[in-house]
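Engineer:
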Amino acid sequence: MGGKGSAFPRPDAADAARLPEAAEPDGGRVWLPLNALRAFEAVGGRLSFTGAAAALHISQSALSRHVGRLEEYLGCRLLDRRAQGMALTAAGAALLPVVADSFDRIEETMKMLRRDPGHAGRVLKIHMPPTFLHVAGLTLLAEFRRAFPGLPIDVSSSNGIGLPAGRSVDLAVVFDRPHLGDAIRDPLWMVSQTPACTPEIAARAEGLDLAEFLRSTELLHVKLEGEPYSTFWSVYARHNGLDIGVQRGLAFESEVLAVQCAVAGGGVTLVDPDMFAADIAGGRLVTPFPDTTCASGFGYYLTVHPDDMVDPAVALFRSWVVRRYTQAPSDDPV
Numbered sequence: 001m002g003g004k005g006s007a008f009p010r011p012d013a014a015d016a017a018r019l020p021e022a023a024e025p026d027g028g029r030v031w032l033p034l035n036a037l038r039a040f041e042a043v044g045g046r047l048s049f050t051g052a053a054a055a056l057h058i059s060q061s062a063l064s065r066h067v068g069r070l071e072e073y074l075g076c077r078l079l080d081r082r083a084q085g086m087a088l089t090a091a092g093a094a095l096l097p098v099v100a101d102s103f104d105r106i107e108e109t110m111k112m113l114r115r116d117p118g119h120a121g122r123v124l125k126i127h128m129p130p131t132f133l134h135v136a137g138l139t140l141l142a143e144f145r146r147a148f149p150g151l152p153i154d155v156s157s158s159n160g161i162g163l164p165a166g167r168s169v170d171l172a173v174v175f176d177r178p179h180l181g182d183a184i185r186d187p188l189w190m191v192s193q194t195p196a197c198t199p200e201i202a203a204r205a206e207g208l209d210l211a212e213f214l215r216s217t218e219l220l221h222v223k224l225e226g227e228p229y230s231t232f233w234s235v236y237a238r239h240n241g242l243d244i245g246v247q248r249g250l251a252f253e254s255e256v257l258a259v260q261c262a263v264a265g266g267g268v269t270l271v272d273p274d275m276f277a278a279d280i281a282g283g284r285l286v287t288p289f290p291d292t293t294c295a296s297g298f299g300y301y302l303t304v305h306p307d308d309m310v311d312p313a314v315a316l317f318r319s320w321v322v323r324r325y326t327q328a329p330s331d332d333p334v
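Everything in the sequence shown is counted per full-length UniProt numbering, starting at 1 for the first residue and increasing by one.
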């Protein structure tokens, strides 16, 4: 299929003949129909034979034959061809992201080798929320790099609950509620919360009960994507039976920013007393009502897709981090 110089290499007759085969004769890796998989990725991603054929510079009929052979090889339909349009079947929806991610990784590695043929390694892509990265992640990454200096790491960071949207990462530390899902999630840190402020503001708490103090002080909030900005203060007030009017104050994109505002005397924020132990020990923050500490309902989880666990670099980082947290004392964030 396709002439000389085509972006989509033409399979020979043996290629089509081998599609039904389950494995190589020597019993090694299962033979993969790469051209057919590439054709399916192009069609499935666009839900259009016309668009896929134009992108791959081949004919629609050739593209259709490849997808059909792949469906025959798998024994199931991948695409529903309807009069009103095309749709992925359940099998197609399961296969498409795996195929796309695999081709992305192959392409990335090949580009890296073309830039530096002497470097046969890979870059491990890790995502961490800003607060975790600032308080614990930077130290964690520095220790890992000292232990394994030959593995390049690309670190990204963004706010939000759960896995970062629209990002291709190997592992992610996510901020989320406990729940079951397809990903492997290792709990690293379950977040508790207690009011924290400067010593000067805390001095106002003398002679006041908790509710009176909070009603008279600016509340500093941490925003969560898809949640009311007062989520954490609402949980804290409900746990302690307080009526303090949480719909007020300043809201920030991350806990680090809220803490910096609190250190500057801007008000009172909720912190995990262990995660921000250094600020408390250094006197920049105090927790005037430590007995009111409660669980936030959220935690930090190291998250990886099960299919990625066959990657030695992913498995290495996961086992190292889990072991590091398992062995760490309870008052040490990393």
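Where is the CB? At the ideal position from N, CA and C, for every residue including glycine.
(1) Between the region 90 to 101 and the region 124 to 138, are three or more C-beta pairs nearer than 8 angstroms?
(2) State the DSSP-derived secondary structure class of A234, mapped to helix, strand or coil.
(3) With burial defined as no fewer than 16 other Cβ atoms inside 10 Å of the residue's Cβ, what is the status of E227: buried or exposed?
(4) Would V268 and L220 qualify as a contact pair, given that the criterion is a beta-carbon distance under 8 angstroms?
(5) H239 by DSSP, collapsed to three states: which one?
(6) What residue from A278, Y236 and F298 has the CA that sits closest to L270's CA?
(7) Just verifying my parser: in three-state terms, what is the DSSP assignment at R177?
(8) By how many angstroms is the C-alpha of L214 removed from the C-alpha of P129?
(9) Taking buried to mean at least 16 other C-beta atoms within 10 Å of its own C-beta, is E72 buried or exposed?
(10) In three-state DSSP terms, what is residue 335?
(11) Out of curiosity, what's the CA-to-CA distance linking I106 and G85?
(12) Can you tell me which of the three DSSP states residue 339 falls into?
(13) With which residues is W189 paired in a DSSP beta bridge?
(14) Between which two residues does the alpha helix (DSSP H) holding R82 run?
(15) Could you tell me if E255 is buried or exposed, where buried requires 16 or more neighbouring beta carbons within 10 angstroms of its beta carbon?
(16) Taking 8 angstroms as the threshold (C-beta atoms), are V304 and L124 in contact?
(17) Would you mind reading off the limits of the beta strand (DSSP E) that contains G85?
(18) What is the C-beta distance between L151 and A315, in whole angstroms, given that I count them as a contact (C-beta under 8 angstroms)?
(19) Give me whichever residues DSSP pairs with D154 in a beta bridge.
(20) For the alpha helix (DSSP H) containing S43, list its first residue and its last residue.
(21) Put L316 into one of helix, strand or coil per three-state DSSP.
(22) Run through the DSSP bridge pairs and tell me what R270 is partnered with.
(23) Return the residue from the list G207, A258, A295 and I280 that minimises the CA-CA distance to T131.
(24) Mind the definition here: the region 141 to 150 touches the region 188 to 202 only if three or more C-beta pairs lie below 8 angstroms; say whether that holds.
Structural biologist: By the coordinates alone:
(1) no
(2) In the sequence shown, residue 234 corresponds to position 234, counting from 1. It should be noted that the sequence gives Ser, not Ala, for residue 234. S234 falls in the helix class under three-state DSSP.
(3) The residue given as residue 227 occupies position 227 in the sequence shown. Exposed is the call here.
(4) Here residue 268 is taken as the residue at index 268 of the sequence shown, counted from 1. Here residue 220 is taken as the residue at index 220 of the sequence shown, counted from 1. It is a contact, given that the beta carbons lie within the stated cut-off.
(5) Working through the sequence shown from its first residue, we reach residue 239 at position 239. Three-state DSSP puts H239 in a helix.
(6) Counting from 1 along the sequence shown, the entry for residue 270 is found at position 270. Comparing Cα-Cα distances from L270 to each of A278, Y236 and F298, the minimum goes to Y236.
(7) Within the sequence shown, numbered from 1, the residue matching residue 177 stands at position 177. Residue state, collapsed to three classes: coil.
(8) On the sequence shown, residue 129 is found 129 positions in, with the first residue counted as 1. On the sequence shown, residue 214 is found 214 positions in, with the first residue counted as 1. Taking the straight line joining both Cα atoms gives about 28 angstroms.
(9) Position 72 of the sequence shown, counted from the first residue, corresponds to residue 72. E72 comes out exposed.
(10) The structure shown does not extend to residue 335, since the chain is modelled only from 1 through 334, so no value can be given for it.
(11) In the sequence shown, residue 106 corresponds to position 106, counting from 1. In the sequence shown, residue 85 corresponds to position 85, counting from 1. Taking the straight line from one Cα to the other gives about 31 angstroms.
(12) Within the shown structure, residues of the chain are numbered from 1 to 334, placing residue 339 beyond reach of any answer.
(13) One-based indexing of the sequence shown puts residue 189 at position 189. DSSP output for W189 lists Y300 as bridge partner(s).
(14) One-based indexing of the sequence shown puts residue 82 at position 82. No alpha helix (DSSP H) holds R82; the beta strand (DSSP E) holding it covers L79 to R82.
(15) Counting from one through the sequence shown, the residue named residue 255 turns up at place 255. Classification of E255: buried, given that the 10 Å Cβ count is 16 or more.
(16) Along the sequence shown, one-based indexing puts residue 124 at 124. Along the sequence shown, one-based indexing puts residue 304 at 304. Not closer than 8 angstroms, so no.
(17) Translated into the one-based positions of the sequence shown, residue 85 becomes position 85. It spans G85 to L88 - the beta strand (DSSP E) in which G85 sits, taken as one unbroken run.
(18) Looking up residue 151 in the sequence shown gives position 151. Looking up residue 315 in the sequence shown gives position 315. Not a contact, Cβ separation roughly 12 angstroms.
(19) As a working note, residue 154 is residue 154 in the sequence shown. For D154, which the question treats as bridged, DSSP gives the partners K125.
(20) Taking the first residue of the sequence shown as 1, we reach residue 43 at position 43. According to the sequence shown, residue 43 is Val rather than Ser. Start and end: L34 to R46.
(21) Counting from 1 along the sequence shown, the entry for residue 316 is found at position 316. Three-state DSSP puts L316 in a helix.
(22) Reading the sequence shown from its first residue, position 270 is the one you call residue 270. What sits at residue 270 in the sequence shown is Leu, not Arg. DSSP lists P195 as partners of L270.
(23) Within the sequence shown, numbered from 1, the residue matching residue 131 stands at position 131. It is A258.
(24) no
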